[in-house]
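Below is one structure, written out as structure tokens, with a few remarks after it.
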Amino acid sequence: MKKSFSYLLVVLTAVVVLLAGVFLVSQQHLANTTTRTAKVKPSRPKQTVTPLTAAALTKNPKLKYASVIYYGIHYSKIQRWQEASNVKRGWQVQLDRVQGTTRYSVWPDQHIQASHKNLEPNWFTLSGRQVTYHSFIVHSNGDYTVLKVSQAQLLKRINHDQAGQRVRKMLVRLSVLDER
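Residues in the sequence shown are numbered consecutively from 90, following the working numbering.
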């Protein structure tokens, strides 16, 4: 009886040790599997944004106007250009001939009527590959804020921020009136 009791005790101890070993091995395997799968994230294909080019702006004047407006709103630091930042309302660009130069007035509403054009708008001029932003300073003696930017600087900044797609989406809400 003593012999069978000690034999049973040895067998039970071996079974407990074996079960504990199996449990520890399975836990370690589960931890390794979880760690490995946690480190490997499914890769999403990167969206490539087609950069804006000088050739594209030359080919599509409306795209050029949208780029100039986008830069004016987001990077110019001219306070009144922020008034034109409502994407839902869009923009109206009016081309006028002033002293032999084309002036591009930017109205902050795609469908603005002449009766609502009370305050002088922001406007820009294009000279070669140079963009000059003009903004009337309200409550001044006719002073303007002026900023000159090359088309290359404009494109570099927009493409650096991968905003080409946002500029292209602006075309839907951009109307052009040629009064020249």
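We put the CB at the ideal spot given by N, CA and C, even for glycine.
Let me check one thing: in DSSP terms, what residues is residue i bridge-paired to?
i, result
"residue 211", "195"
"residue 270", "No information on residue 270 is available, as it lies outside the stretch 90 to 269 that the chain covers here."
"residue 238", "220"
Rounded to whole angstroms, what's the CA-CA distance from residue i to residue j? Just pull it up for me.
i, j, result
"residue 143", "residue 117", "59 Å"
"residue 150", "residue 260", "11 Å"
"residue 252", "residue 245", "10 Å"
"residue 232", "residue 137", "43 Å"
"residue 235", "residue 159", "16 Å"
"residue 140", "residue 248", "6 Å"
"residue 243", "residue 215", "13 Å"
"residue 187", "residue 194", "11 Å"
"residue 200", "residue 179", "8 Å"
"residue 263", "residue 208", "20 Å"
"residue 239", "residue 230", "29 Å"
"residue 189", "residue 153", "21 Å"
Pick helix, strand or coil for residue i, following the three-state DSSP scheme.
i, result
"residue 148", "helix"
"residue 222", "strand"
"residue 181", "strand"
"residue 264", "strand"
"residue 204", "helix"
"residue 164", "coil"
"residue 216", "strand"
Since residue i and residue j should fall inside the 8 Å C-beta cutoff, what is the C-beta to C-beta distance between them, to a whole number of angstroms?
i, j, result
"residue 173", "residue 211", "6 Å"
Please confirm if the region 158 to 177 is in contact with the region 220 to 232, defined as three or more CB-CB distances below 8 Å between the two stretches. yes
Does the structure place the region 183 to 196 close enough to the region 260 to 269 that three or more beta carbon pairs sit under 8 Å? yes
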